[in-house]
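Inspection log for the structure reproduced underneath, given as structure tokens.
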Amino acid sequence: MSNQESSSQGISRRKFLGASAATAGLSVASGVSLISVAEAKPLDTAISSDQRWGMLIDTNKCATGCTSCVDACNTENGLNTGDEQLSRQSQKAQWIRKVELRDKTTGHEVSLPLMCQHCENPPCVDVCPTGASFKREDGVVLVDKHICIGCRYCMMACPYKARSFIHEELLNQVEDVPRGKGTVESCTLCVHRIDEDTNNRRDPACAEACNTAGHKAMVFGDMKDTNSEISKQLKKHSSKAIRADLKLNPGVRYRGI
Amino acid sequence: MKKINYLEIEGRSKGFWTLLGTLGAITLAGIAAFFYMEHSGHHVTGMDNQIVWGMPHVFAVFLIVAASGALNVASIGTVFGKAIYKPLGRLSTLMAIALLAGGLMVLVLDLGRPDRLVIAMTYYNFKSIFAWNIILYNGFFAVTIVYIWMMMEKKMVGYYRPAGIVAFIWRLILTTGTGSIFGFIVARSAYDAAIMAPMFIIMSFSFGLAIFLLVLMLGYQWTERPLGDAIVKRLKNLLGVFVAAVLYFSLAYHLTNLYATEHHDVEKFILAGDSIHTTLFWVMQILIGGIIPLAIIYSKLSKSRTWLGLATLLIIVGGLAQMYVIIIGGQAFPLDIFPGMEIVSSSFADASSYHAYNPSTPEIILGVSGIAVAMLIITMGVRILKFMPLTLADKDVDPHNKG
Numbered sequence: 000m001s002n003q004e005s006s007s008q009g010i011s012r013r014k015f016l017g018a019s020a021a022t023a024g025l026s027v028a029s030g031v032s033l034i035s036v037a038e039a040k041p042l043d044t045a046i047s048s049d050q051r052w053g054m055l056i057d058t059n060k061c062a063t064g065c066t067s068c069v070d071a072c073n074t075e076n077g078l079n080t081g082d083e084q085l086s087r088q089s090q091k092a093q094w095i096r097k098v099e100l101r102d103k104t105t106g107h108e109v110s111l112p113l114m115c116q117h118c119e120n121p122p123c124v125d126v127c128p129t130g131a132s133f134k135r136e137d138g139v140v141l142v143d144k145h146i147c148i149g150c151r152y153c154m155m156a157c158p159y160k161a162r163s164f165i166h167e168e169l170l171n172q173v174e175d176v177p178r179g180k181g182t183v184e185s186c187t188l189c190v191h192r193i194d195e196d197t198n199n200r201r202d203p204a205c206a207e208a209c210n211t212a213g214h215k216a217m218v219f220g221d222m223k224d225t226n227s228e229i230s231k232q233l234k235k236h237s238s239k240a241i242r243a244d245l246k247l248n249p250g251v252r253y254r255g256i
Numbered sequence: 000m001k002k003i004n005y006l007e008i009e010g011r012s013k014g015f016w017t018l019l020g021t022l023g024a025i026t027l028a029g030i031a032a033f034f035y036m037e038h039s040g041h042h043v044t045g046m047d048n049q050i051v052w053g054m055p056h057v058f059a060v061f062l063i064v065a066a067s068g069a070l071n072v073a074s075i076g077t078v079f080g081k082a083i084y085k086p087l088g089r090l091s092t093l094m095a096i097a098l099l100a101g102g103l104m105v106l107v108l109d110l111g112r113p114d115r116l117v118i119a120m121t122y123y124n125f126k127s128i129f130a131w132n133i134i135l136y137n138g139f140f141a142v143t144i145v146y147i148w149m150m151m152e153k154k155m156v157g158y159y160r161p162a163g164i165v166a167f168i169w170r171l172i173l174t175t176g177t178g179s180i181f182g183f184i185v186a187r188s189a190y191d192a193a194i195m196a197p198m199f200i201i202m203s204f205s206f207g208l209a210i211f212l213l214v215l216m217l218g219y220q221w222t223e224r225p226l227g228d229a230i231v232k233r234l235k236n237l238l239g240v241f242v243a244a245v246l247y248f249s250l251a252y253h254l255t256n257l258y259a260t261e262h263h264d265v266e267k268f269i270l271a272g273d274s275i276h277t278t279l280f281w282v283m284q285i286l287i288g289g290i291i292p293l294a295i296i297y298s299k300l301s302k303s304r305t306w307l308g309l310a311t312l313l314i315i316v317g318g319l320a321q322m323y324v325i326i327i328g329g330q331a332f333p334l335d336i337f338p339g340m341e342i343v344s345s346s347f348a349d350a351s352s353y354h355a356y357n358p359s360t361p362e363i364i365l366g367v368s369g370i371a372v373a374m375l376i377i378t379m380g381v382r383i384l385k386f387m388p389l390t391l392a393d394k395d396v397d398p399h400n401k402g
């Protein structure tokens with residue numbers, strides 16, 4: 000059964016590759032299509048460092064008071080959706096939050112979403128005693144819920160305060176996003192979406208919602224793919240890492256701060 | 000110097016059973032608090048996503064730091080060959096083990112998943128100071144137990160000094176590790192300082208010796224065994240130096256921070272803020288835990304055991320306050336996520352000037368029970384094994400005593 004399935008998947012993939020190659024051949028500027036063929040990744044292929052997922056957030060486009068990204072994240076990952084009723088507000092999990100800033104000298108105001116910055120050198124991973132905090136080859140920083148002992152050292156170490164501790168038993172969880180009392184969690188860049196094979200892959204819920212809301216302030220993509228939208232924009236415009244002085248090289252970059 | 004005779008305490012008096020009962024009751028209350036917190040989840044505590052380490056950590060880190068300090072008395076006898084300290088070696092080592100056990104119990108029971116202790120023991124990320132500490136703590140038990148064995152077993156007397164040296168070095172590394180838990184956190188303004196590790200070592204000297212001296216005086220008073228002034232005076236003077244050294248390190252730490260503009264805000268928050276941390280720092284840590292005990296120790300008052308006992312108690316209370324200011328104060332001050340920018344609003348409490356923390360009763364009980372467990376182990380230890388010399392009268396222990 001599984002052989003049949005995989006062989007039928009294989010055929011459809013061959014067809015797809017063939018069609019893509021034909022398109023590429025016809026196209027004069029074929030680079031984009033060719034890269035997307037090279038990107039095609041079936042679910043059972045290991046994550047590789049050929050990619051680095053990242054996000055570029057344009058604070059000039061981010062609307063003050065808009066919480067589309069936060070709401071989408073909560074719905075997608077089952078946060079704040081009726082659970083955590085016993086926890087105080089300061090105890091509830093928040094993977095992404097909206098922050099309004101004002102420059103102390105100039106008074107210039109900025110609105111931006113803040114979440115796990117998926118650092119290249121993540122302090123949370125350094126300090127985790129069991130290795131539960133880990134960074135994938137493609138740059139996504141995650142928590143292995145099976146070996147997290149709930150010591151919260153990663154929360155002490157994170158310069159962005161991006162992590163939350165689960166203070167109570169959780170029910171009604173989203174199937175793709177297992178969570179558990181007594182462990183630490185943070186933004187996963189919606190791995191369950193981006194790990195899908197190329198045809199089904201979707202942007203993280205926050206970026207998708209920002210697009211839907213018409214702001215288009217969040218661009219998600221592969222920072223190592225020179226033809227990706229994020230790489231092009233990063234190359235074209237000046238952008239900043241938050242707390243760049245710590246040299247953590249985060250995967251989330253900001254424009255306009 | 001005469002041969003030292005060690006003997007178990009009798010442990011039949013009403014006082015002994017009252018002590019045991021009280022410590023047992025506090026321990027049981029601590030275990031009940033743990034089950035309540037574990038069953039409900041940490042939402043029943045004062046901790047949240049801002050103050051992630053609360054009261055249990057204050058007590059746990061204090062006890063762990065004091066544990067390595069309590070071993071100093073044994074080290075001075077063994078490693079540095081001071082004869083007058085040698086009779087105290089066994090008790091000192093027992094106390095070190097007991098304090099560490101009490102501290103670790105609290106630390107482990109405050110984990111989000113204490114049931115996964117075996118994972119902490121089997122999965123190691125060697126870049127983590129915490130992982131190293133797990134090895135250092137377990138190793139400390141092993142090293143000190145061997146050390147006690149060498150002390151107590153006549154046949155092993157040849158290994159006594161090497162075991163003492165290993166234990167001494169191990170304890171220095173252990174406290175460096177504990178201090179480094181905070182010293183290596185670059186993200187938080189209050190912690191990013193290399194002075195943390197040596198400061199923790201000197202804190203361990205002070206807190207550990209204060210507890211040792213208090214337990215020694217109480218133990219000898221309650222068992223009506225003689226404890227001469229020679230030993231008490233030596234320990235007292237040493238304690239005075241350690242208390243002064245802790246004050247010096249606090250001064251150096253804050254002065255260095257005050258020099259750097261980037262640390263002005265956090266220093267203002269601790270030293271001149273309107274939160275509890277400022278009161279705890281000046282009144283509890285500096286005045287009650289430092290200046291008053293120093294005044295007692297170096298005045299005629301210290302000739303009275305009651306006053307001296309009070310001084311050690313104040314040092315312990317001041318030490319707990321110091322831990323509170325370091326651990327809770329360091330978290331209460333908000334992270335500087337956007338240097339040069341002011342956070343106008345945020346749903347994740349980024350905008351507040353500092354994070355409030357109201358410890359709940361269960362977490363305080365759990366913390367206090369760590370002290371009770373340590374004292375319980377010491378009480379049981381001296382009852383079962385020969386840890387306490389029959390006499391510490393001047394003529395029996397002081398090589399220079401003419402009487």
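Residue numbers (numbering that gives the first Met the number 0), protein chains in the order written: chain A, 0 to 256; chain B, 0 to 402. Just so it is clear, CB atoms sit at the ideal spot from N, CA and C, and this is done for glycine as well. Every value quoted in this text rests on a predicted model; they were computed, and no experiment measured them.
| Query | Result |
| --- | --- |
| Span of the alpha helix (DSSP H) holding LEU233 (chain A)? | 228-235 |
| Give the interface partners of ASP125 (chain A) over in chain B, defined as CB-CB distance under 7 angstroms, in chain order. | LYS126 and SER127 |
| Give the single residue among A:SER110, A:GLU174, A:GLU207 and A:VAL176 whose Cα lies nearest to the Cα of ARG254 (chain A). | A:SER110 |
| Please classify GLU184 (chain A) as buried or exposed, where buried requires at least 16 neighbouring CB atoms within 10 angstroms. | buried |
| MET114 (chain A) CB to nearest chain B CB: under 8 angstroms? | no |
| Taking buried to mean at least 16 other C-beta atoms within 10 Å of its own C-beta, is ARG115 (chain B) buried or exposed? | buried |
| Among B:TYR122, B:ILE133 and B:GLY218, whose alpha-carbon lies nearest the alpha-carbon of VAL107 (chain B)? | B:ILE133 |
| Pair every Cβ in the segment 22-40 of chain B with every Cβ in the segment 388-401 of chain B, then say whether three or more of these pairs are closer than 8 angstroms. | no |
| Just to confirm, is the Cβ distance from ILE25 (chain B) to ALA371 (chain B) under 8 angstroms? | yes |
| Take ILE34 (chain A) and list the residues in its own chain whose beta-carbon comes closer than 7 angstroms to its own, dropping the five residues that flank it on each side. | Unreliable positioning characterises ILE34 (chain A) in this predicted model, as indicated by a pLDDT of 44, which lies under 50. The coordinate reading is nonetheless provided below. These residues qualify, in order along the chain: ASP224 and ASN226. |
| To the nearest angstrom, how far is it from the Cα of ILE180 (chain B) to the Cα of THR187 (chain A)? | 26 angstroms |
| Give the interface partners of LEU245 (chain A) over in chain B, defined as CB-CB distance under 9 angstroms, in chain order. | VAL185 and ALA186 |
| What does the alpha-carbon distance come out to for the pair GLY130 (chain A) and GLU341 (chain B)? | 35 angstroms |
| Please name the residue, chosen from B:SER352, B:GLY45 and B:PRO225, that lies closest to ASP393 (chain B) on a Cα-to-Cα basis. | B:PRO225 |
| Which value, in whole angstroms, describes the spacing of the CA atoms of TYR456 (chain B) and GLY181 (chain A)? | Nothing can be reported for residue 456 (chain B), as the shown portion of chain B is limited to 0 through 402. |
| Relative to the C-alpha of ALA189 (chain B), which candidate in B:LEU293, B:ALA259, B:SER67 and B:LEU70 has its C-alpha closest? | B:ALA259 |
| Taking the alpha-carbon positions, what's the GLY178 (chain B) to TRP131 (chain B) distance? | 12 angstroms |
| Please state the DSSP three-state secondary structure of SER393 (chain B). | Looking at the sequence itself, residue 393 (chain B) is Asp, so the reference to Ser does not match. In this structure, ASP393 (chain B) counts as helix in the three-state DSSP scheme. |
| Is the shortest distance between the beta-carbon of HIS41 (chain B) and the beta-carbons of chain A less than 8 angstroms? | yes |
| Helix, strand or coil for TYR356 (chain B) per DSSP? | coil |
| With distances taken Cα to Cα, identify the nearest neighbour of THR104 (chain A) among B:SER368, B:GLY339, B:ILE377 and B:LEU375. | B:GLY339 |
| Under the assumption that LEU70 (chain B) contacts ILE377 (chain B) (Cβ atoms under 8 angstroms), give the Cβ distance between them as a whole number of angstroms. | Wrong, their Cβ atoms sit about 13 angstroms apart, outside the cutoff. |
| In three-state terms, what does DSSP make of SER86 (chain A)? | coil |
| Spatial neighbours of HIS276 (chain B) within its chain, please: CB distance less than 6 angstroms, with the 5 preceding and 5 following residues excluded, ordered by chain position. | ILE269, VAL324 and GLY328 |
| Going by C-alpha to C-alpha distance, which of A:GLU75, A:ASP137 and A:GLU108 sits closest to ALA206 (chain A)? | A:GLU75 |
| Report buried or exposed for SER298 (chain B), applying the criterion of at least 16 other Cβ atoms within 10 angstroms of its Cβ. | exposed |
| State yes or no: is the C-beta of ILE83 (chain B) within less than 8 angstroms of the C-beta of VAL126 (chain A)? | no |
| Against chain A, with Cβ distances strictly below 8 angstroms, would TYR122 (chain B) count as a contact? | yes |
| Quick one, are the C-beta atoms of GLY318 (chain B) and VAL105 (chain B) less than 8 angstroms apart? | no |
| Would you say SER352 (chain B) faces chain A, with C-beta separation under 8 angstroms as the test? | no |
| Are the CB atoms of ILE383 (chain B) and GLU7 (chain B) nearer to each other than 8 angstroms? | yes |
| If distances are taken between C-alpha atoms only, which option among B:ILE147, B:PRO113, B:LEU279 and B:ASP335 comes closest to ARG89 (chain B)? | B:ILE147 |
| Assign ASN199 (chain A) to buried or exposed, taking buried as 16 or more other Cβ atoms, counted over all protein chains shown, within 10 Å of its Cβ. | exposed |
| With H, G and I counted as helix, E and B as strand and the rest as coil, what does DSSP make of MET54 (chain B)? | helix |
| Could you name the residues of the same chain whose beta carbon sits closer than 6 angstroms to that of GLU228 (chain A), not counting the 5 residues immediately before and after it, in chain order? | VAL218 and GLY220 |
| Would you tell me roughly how many angstroms separate the C-alpha atoms of MET154 (chain A) and GLY40 (chain B), rounded to the nearest one? | 17 angstroms |
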